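Written below as structure tokens is the structure these notes are about.
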Amino acid sequence: MKAYDVIVIGGGIVGCMTARFLSRYRLNILLIDKAADIGTGASAANSAIVHAGYDPEPGTLKAKMNVLGNAMWDTLSGELGFEYDRRGDYVVAIGPEELDTLDKLLEQGRRNGVPGMHVILADEMRSREPNINPLVSGALWAPTGGICDPFMATVAAAENAVANGVTVLLETEFQDFIFDGARIVGVRTNVGDFGCRWAVNAAGLYADQVMHKAGVRPEFKITPRRGEYAVLDRAELEVNNVLFPVPSERGKGILVTATLHGNAMVGPNSQIVDDAEDSAVTNDGMAEIWEGAQKLIPSLTPRLAIAVFAGLRAHGNAPCLTPGVSHNHDFIIETPREAPGLVNIGGIESPGLTSAPAIALHVIEMLREAGEKLEEKPDWNPIRPPRPHFRKLPREEQMKLIKADPRFGRVICRCEMVTEGEIIAEIHAPIPARNYDAIKRRTWLGTGRCLGSFDMPRVVEILAEELGIAPEEVTKKGPGSEFLTRKTKAWEA
Amino acid sequence: MTTKDRYDVVIIGAGPGGLAAAIAARQNGAEDVLVIERDKELGGILQQCIHNGFGLETFQQDLPGPSYAQRFIDQALDHGVEFLLDTMVLDISSQRRIFATGKHSGIVDLTARSVVLSMGCRERTRAQIRIPGMRPAGVYTAGTAQRWVNVEGFMPGSRYVILGSGDIGMIMARRLTLEGAHVERVLEVMPYLTGLTRNYVQCLMDFDIPLQLSHTVKRIIGHKRVEAVETVRVDERWNPIPGSEEIIPCDTMLLSVGLIPENELSRQAGVLIDPLTGGPFVDDSFQTNIPGIFAAGNVVHVYDLVDWVSEAGRLAGISAARFAAQVRRKENRLVPLLAGENVRYVVPHRMDRETLAETPVRLQLRVRQPIESPVWVEVRNRTNLIARKGELYARPGEIITLEIPTTAYDEVQKADELTLAVVKR
């Protein structure tokens, strides 16, 4: 049985960040994910916002992780080479009755330690976002809010971990823990058993099942909450800000946001679903998010949508441990006494993306407290150089790229201007993109107006060639999602 | 690689419109014609249309798509048309400067005296995003499936539901059936057929493939690969009729819900688009609002028969050749004015030979080095003196003016270039 110091279960943003920060120390680390790529769950379907931290209830672990995590993103994006823009965000009050909420949020933000917030007047909001609802009565401005490329943030963290010695195994599903008495000494998976001194539960939507296998928190339950989104055509409407409505009991509400891919996005709603894989989009859900979006920007219409998707939040039921704070959906980040060897992370819903790097540091702190020596590796390299995105380069840089490697001259996705060079680079990256969706998340290929109908046959061909497999074996998102079923009769002749 | 950086006519797209335009442009006096095509082969979408029904108007023959295309390809090659394959145009300016790249063609940066836009159209996918449900593999446009089956030789599935009664969808229903697949049915949200009746008869009726009018897909089912679709009948306002739902097991859903002209490049060049057709506003010579930029074929509006696309391409090619000839004539009338001995620069840089028929041309120049003694300021065509004027000195800080008189008209007609010089007397 191959043995590791640490096994991280789950390759979402939390698992990948934890592996990346742990890779600084002399530890033998394994990260496993059941999917054919890392970051395919909540990390791949969210609002892509790095929250300022005024929203979580003061005193909760959520609030603490949010504000600590937020402060880490500038350095993180610089070191890991993914796109991030701290452009600030707004909570927009529509009509006089919503104005009071802004003051409450401002106060809450101050208690959470969010810097620089203030309330701006309606006229100021109108000038900053000309498309805003004319009934705007004011807005809360949080300059530390930001937007990121959540796909590449996850990929970059994992790649940097791999560069620093972490092993990543995909299509490797956690089945059970291996115990020595009460102590966890290994993990059982569909591809075999692995020994470990520490197992980190970063299983996201499945975190409850994983911790129950360790006999921890039997009452803890994840109730998947589906959020539906629509992505807008870049050419049709420009939104340059991150706009939240005033929050309600049901959460932060349906927002309108700019993304770093250039498309504006609206959503999410919040529906409880039974199945943690049920990311289906519904008619009712779409109606709901457009209604919500129009409250902020009345000129938004479903006609502008270029794509729709849904993500699932890992909504938990863990009570906040701070005395005097009654909050029943807090994050869990702990080393439970009843299961030595387990680092238990659960209920990481929004602001989970923002909090991920702070959660990673918290895990390190807990390991230290548990007696781990955590010696730093002298050759730890925090830098992961970014790979070029043809579309975003100035013309001269594009020309240089083509001269150096002619494959950058062949455009495969015409809408998003993604070249063969970029696709091949992703297929052979430290975390190889081995299926269509993996390439799509990394390059934004196939997300334009033609929704991939032009590039799909070409990408299948490239994947087959680069991976040395038959075109019929190429998948959209791992085994079972093959694009093609067989050869035509012409091959028999 | 291209042979020049300046062409009479550059055509974007080597489909039926572009090929016909290229041939017509050469036949009508264009000296050099270049066609830029993003695919690896000529002929555009015709290469994957292996069914017949092409050429009845043009050749009075019923041809398959590739054969129809080949006739135009052969003619174009005979007429000395240049081609750049596997090359994507990234940008066209209103001044007809074209920037393109390709794996083998590298970086292409050239100027055209006239341009024909013939990028064709693409399949509509908006319907796809309005269909609720999951996003598994197995949802393709009919054209993508057609490329896989007819060009690459792969079947994208075994049990199909086709949404939309467009021509490509019906043709694919037949094609897939012939390949041994099962097409469960074709659904059409409208109460009538949207493609050609002949395709309904030859592709659906003859193969017993059911067509359900006033029906659409309510939901896609399946996590990894399509497992089924839920269909529903709709009323005249496309509202689903409750109780009419049906779950149809299948592994593939094809979309054939219409085509839209592809005009991202046209917009970059400043070409105005008619919101109704989705294509450029054109005049009777197929010229857009930008002088020298023409458009032909499905890029203007979606045709029902390829023969009309070829005809539109032919007309646009003729117009483009004429426009290029005018530009060329104008270019030929211009004579460059060059800075010769001790001249730093001359303005204007070029002059129209014909101006001298009416008025003298005034030139202004600066010298490189001061000469503190009398000088000649001269214009020559090679060694022949055309105009000369005396100055007492020449200094870089002072502009010198010189006129070419109308009497120099004949001499200037003969000149390829004129050279200015400032020399000691």
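Listed in order, the protein sequences are those of chains Z and X.
If you count the first sequence from 1, position 216 lands on 216 in our numbering, and the numbers rise without skipping.
If you count the second sequence from 1, position 7 lands on 1007 in our numbering, and the numbers rise without skipping.
Even for Gly, the Cβ is constructed at its ideal location relative to N, Cα and C.
Since the model is a prediction, treat every value here as computed from it, not as a measurement.
Per DSSP, what kind of secondary structure is residue i in: helix, strand or coil?
i	result
residue 1313/X	helix
residue 245/Z	strand
residue 1266/X	helix
residue 1118/X	coil
residue 65/Z	helix
residue 272/Z	strand
residue 1060/X	coil
residue 1207/X	helix
residue 1042/X	coil
residue 1379/X	strand
residue 85/Z	strand
residue 72/Z	coil
residue 198/Z	strand
residue 471/Z	helix
residue 444/Z	coil
residue 368/Z	helix
residue 495/Z	Because chain Z spans 1 through 493 in this model, residue 495/Z falls outside it and cannot be assessed.
residue 1003/X	coil
residue 476/Z	coil
residue 1332/X	helix
residue 233/Z	coil
residue 1346/X	strand
residue 132/Z	coil
residue 239/Z	coil
Strictly by DSSP, which residues pair up with residue i?
i	result
residue 150/Z	Residue 150/Z pairs with nothing; no bridge assigned.
residue 419/Z	411/Z
residue 188/Z	176/Z and 193/Z
residue 1036/X	1012/X and 1084/X
residue 1282/X	Answer is none; residue 1282/X lacks a bridge partner.
residue 97/Z	None; residue 97/Z has no bridge partner.
residue 267/Z	255/Z
residue 1403/X	1362/X
residue 402/Z	Paired residue(s): none; residue 402/Z is not in a bridge.
residue 1106/X	1102/X
residue 49/Z	147/Z
residue 138/Z	93/Z and 121/Z
residue 25/Z	376/Z
residue 1338/X	1419/X
residue 487/Z	1154/X
residue 1112/X	1007/X
residue 977/X	With chain X covering only 1001 through 1425, there is no way to say anything about residue 977/X.
Could you run through the stretch 449 to 469 of chain Z and flag, in chain order, every residue whose CB is less than 9 Å away from some CB of chain X?
449, 450, 451, 452, 453, 454, 456, 457, 460 and 461
Segments assigned alpha helix (DSSP H), at least 4 residues, entirely inside the stretch 1125 to 1196 of chain X
1126 to 1130, 1142 to 1146 and 1167 to 1178
To be precise: take each residue of the stretch 1213 to 1230 of chain X, compare its Cβ to all Cβ atoms of chain Z, and keep it if any distance is under 7 Å. Which residues remain?
1223, 1224 and 1225
For the stretch 1210 to 1218 of chain X against the stretch 451 to 468 of chain Z, are there 3 or more C-beta pairs whose distance is under 8 Å?
no
Counting only runs that start and end within the stretch 1211 to 1269 of chain X, where is the beta strand (DSSP E) found for 3 or more residues in a row?
1211 to 1213, 1215 to 1221, 1228 to 1233, 1246 to 1249, 1252 to 1255 and 1259 to 1261
Check whether the stretch 157 to 166 of chain Z touches the stretch 109 to 125 of chain Z, taking contact to mean three or more Cβ pairs, one atom from each stretch, closer than 8 Å.
no
Could you tell me whether the stretch 1271 to 1289 of chain X touches the stretch 1030 to 1040 of chain X, where touching means 3 or more Cβ pairs closer than 8 Å?
no
Check distances from the C-beta atoms of the stretch 1099 to 1120 of chain X to those of chain Z and list, in chain order, the residues that come in under 8 Å.
1099, 1101, 1102, 1103, 1104, 1105, 1106 and 1107
Residues of the stretch 414 to 446 of chain Z with a CB closer than 7 Å to any CB of chain X: list them in chain order, please.
414 and 420
Going along the chain, which residues of the stretch 1307 to 1330 of chain X sit with their C-beta nearer than 7 Å to a C-beta in chain Z?
none
Is it the case that the stretch 1312 to 1323 of chain X contacts the stretch 1292 to 1301 of chain X, given that we only count it when at least three CB pairs across the two stretches are under 8 Å?
yes
Under 9 Å (Cβ pairs) to chain Z, residues found in the stretch 1149 to 1160 of chain X:
1149, 1150, 1151, 1152, 1153, 1154, 1155, 1156, 1157 and 1158
Is the stretch 1216 to 1233 of chain X close to the stretch 1245 to 1261 of chain X, with three or more CB pairs under 8 Å?
yes
Is there contact between the stretch 140 to 150 of chain Z and the stretch 172 to 187 of chain Z, where contact requires at least three CB pairs shorter than 8 Å?
no
Are three or more beta carbon pairs between the stretch 475 to 490 of chain Z and the stretch 1062 to 1077 of chain X nearer than 8 Å?
no
Does the stretch 221 to 237 of chain Z come close enough to the stretch 332 to 343 of chain Z that 3 or more CB-CB pairs lie under 8 Å?
no
Take every Cβ of the stretch 7 to 23 of chain Z, pair it with every Cβ of the stretch 353 to 372 of chain Z, and state whether three or more of those distances are shorter than 8 Å.
yes
Pull out every residue of the stretch 1176 to 1190 of chain X whose Cβ sits closer than 8 Å to any Cβ of chain Z, in chain order.
1179 and 1180
Could you pull out every unbroken beta strand (DSSP E) segment of at least 3 residues lying fully inside the stretch 279 to 329 of chain Z, listed in chain order?
305 to 315
When you compare the stretch 1259 to 1276 of chain X with the stretch 1171 to 1189 of chain X, are there three or more beta-carbon pairs, one atom per stretch, that lie closer than 8 Å?
no
Selection of the stretch 197 to 220 of chain Z by Cβ proximity to chain X, strictly under 7 Å
none
If you pair each beta-carbon of the stretch 1016 to 1025 of chain X with each one of the stretch 1109 to 1119 of chain X, do three or more pairs fall below 8 Å?
yes
Taking a Cβ distance cut-off of 7 Å, strictly less, list which residues of the stretch 1075 to 1096 of chain X are near chain Z, in chain order.
1086 and 1088
Counting pairs of beta carbons, one from the stretch 238 to 257 of chain Z and one from the stretch 1182 to 1194 of chain X, are three or more of them closer than 8 Å?
no
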